[in-house]
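Here the sequence shown stands for residues 89 to 122, numbered as in the working numbering.
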Amino acid sequence: NGDQLREHLAARLPEYLVPAQIMLLERLPVTANG
């Protein structure tokens with residue numbers, strides 16, 4: 089989940105690179121051109 093991902097990133101990245109919000113998507117939206 090998002091909390092686990094933030095913890096994982098925080099252990100490996102500087103604080104300024106860890107996103108404040110994480111949105112989980114089932115699919116990435118794409119345009120007709122891909």
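Glycine residues also receive a C-beta, built at the ideal position from the N, C-alpha and C atoms.
Please list the terminal residues of the continuous alpha helix (DSSP H) segment that includes residue i.
{"i": "E95", "result": "G90 to R100"}
Just to confirm before moving on: does the CB-CB distance between residue i and residue j stay below 8 Å?
{"i": "V106", "j": "L97", "result": "yes"}
{"i": "I110", "j": "R94", "result": "yes"}
Would you identify the three-state DSSP class for residue i, choosing helix, strand or coil?
{"i": "E103", "result": "helix"}
Can you give me the Cβ contacts of residue i inside the same chain, cut-off strictly under 7 Å, excluding the 5 residues immediately before and after it?
{"i": "N90", "result": "Checking the sequence shown, residue 90 turns out to be Gly, not Asn. Contacts found: I110 and L112."}
{"i": "A120", "result": "none"}
At a cut-off of 7 Å, is residue i close to the ligand GDP when judged by its beta-carbon and the heavy atoms of the ligand?
{"i": "E95", "result": "This structure simply doesn't include the ligand GDP, nor any ligand for that matter."}
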